[in-house]
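Quick notes on the structure that follows.
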Amino acid sequence: RKEVEQDPGPFNVPEGATVAFNCTYSNSASQSFFWYRQDCRKEPKLLMSVYSSGNEDGRFTAQLNRASQYISLLIRDSKLSDSATYLCVVNMPISSGSARQLTFGSGTQLTVLP
Amino acid sequence: ETGVTQSPTHLIKTRGQQVTLRCSSQSGHNTVSWYQQALGQGPQFIFQYYREEENGRGNFPPRFSGLQFPNYSSELNVNALELDDSALYLCASSLGVSGGETQYFGPGTRLLVL
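Line by line, the protein sequences give chains A and B.
One gets our numbering by counting positions in the first sequence from 1 and adding 628 to each.
One gets our numbering by counting positions in the second sequence from 1 and adding 1211 to each.
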């Protein structure tokens, strides 16, 4: 079982649609949670952190359910510029050393169509 | 831009060769993490350096090694290259290792092993 699992998609939606991405993680010792966005052939960029209370940034809403080990991202009123791969990311302990590592899901590809 | 730079941008090597990739962290950041991203996958954690010491390692063989310098820049070395080492190599810098810090990614080095 992968440590972070997300639906690979692809999701093809029309402009203006609402789209939801889901993600589950396996390590209950995980402390921090993020959504990153990665454009084609570019590096990942932080979209938003995810908190248990839920958080919103404009058209984007992220939710965390620690009991279910489940993370979600909702995009409202989709724009063409939202087309990208969305990576669910969990900060969890590394087995060796005292560090914590970012563990990425495989990403969900979104294409917003005109 | 994140202020994290990587060199070279692209590299072609043959099996059995050795390669060194370089990363300059964002000003003030003392932690560098390296990731390997194969096509269609999320980034996989290789290792992390904090204040010039390896602070944690993912599931990669010893032929993957690294260094961090006093100015916090870093190198990733891969010996005895294999075809499966072909990937995008990303470094990310952050301040500290508590787990909640945002990691800022460089643009990556694309390595092709023939």
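Ideal Cβ placement from N, Cα and C applies to all residues, glycine included.
Here the structure is a predicted model, which means the values were calculated and not measured.
- Within the region 729-742 of chain A, contact with chain B at the beta-carbon level (separation under 9 Å) is assigned to Q729, L730, T731, F732, G733, S734, G735.
- For L708 of chain A, the CB contacts under 6 Å within the same chain, skipping 5 residues up- and downstream, are V740 in chain order.
- If you check the CB distance, F732 of chain A and P1318 of chain B do not come in under 8 Å.
- Note on L1301 of chain B: 16 or more other CB atoms within 10 angstroms of its CB, so buried under the neighbour-count rule.
- S660 of chain A carries a strand assignment under DSSP once its states are collapsed to helix, strand and coil.
- For P672 of chain A, at least one C-beta of chain B is nearer than 8 Å to its own C-beta.
- The C-beta of Q1228 of chain B has fewer than 16 other C-beta atoms within 10 Å across all chains shown, which makes the residue exposed.
- Chain-ordered, the chain B residues with CB closer than 8 Å to the CB of A727 of chain A read Q1259, Y1261, N1266, G1267, V1308.
- If you compare the alpha carbons of B:G1251, B:V1289, B:S1284 with that of G1239 of chain B, the shortest gap goes to B:S1284.
- Here Y679 of chain A is exposed. Its C-beta has fewer than 16 other C-beta atoms within 10 Å.
- Cβ-Cβ distances below 6 Å link L1323 of chain B to I1223, S1297 in the same chain, with the five nearest sequence neighbours on each side left out; the list follows chain order.
- If one requires a minimum length of 3 residues, the beta strand (DSSP E) runs lying completely within the region 676-723 of chain A are 683-685, 688-693, 698-703, 712-721, in chain order.
- In this structure, the CA atom of L1287 of chain B is about 28 Å from the CA atom of M676 of chain A.
- Collapsing the DSSP output to three states places L1292 of chain B in coil.
- With 16 or more other CB atoms across the displayed protein chains lying within 10 angstroms of its CB, G1269 of chain B is buried.
- Its Cα nearest to that of L1278 of chain B, the residue B:W1245 stands out among B:L1325, B:L1306, B:L1250, B:W1245.
- Taking a Cβ-Cβ cut-off of 9 Å, the neighbours of L715 of chain A in chain B comprise G1253, P1254, given in sequence order.
- By DSSP's assignment, Q634 of chain A forms a beta bridge with A:C651.
- Ranked by how close their Cα comes to the Cα of F1275 of chain B, the residues B:L1292, B:T1313, B:A1249, B:V1215 have B:L1292 in first place.
- In the DSSP assignment, C1302 of chain B falls within the unbroken beta strand (DSSP E) covering 1298-1305.
- Nearest to Y714 of chain A by C-alpha distance, out of A:E643, A:A690, A:G644, A:S696, is A:A690.
- Between Q697 of chain A and S656 of chain A a beta carbon distance of about 7 Å is seen, short of the 8 Å cut, so the two are scored as contacting.
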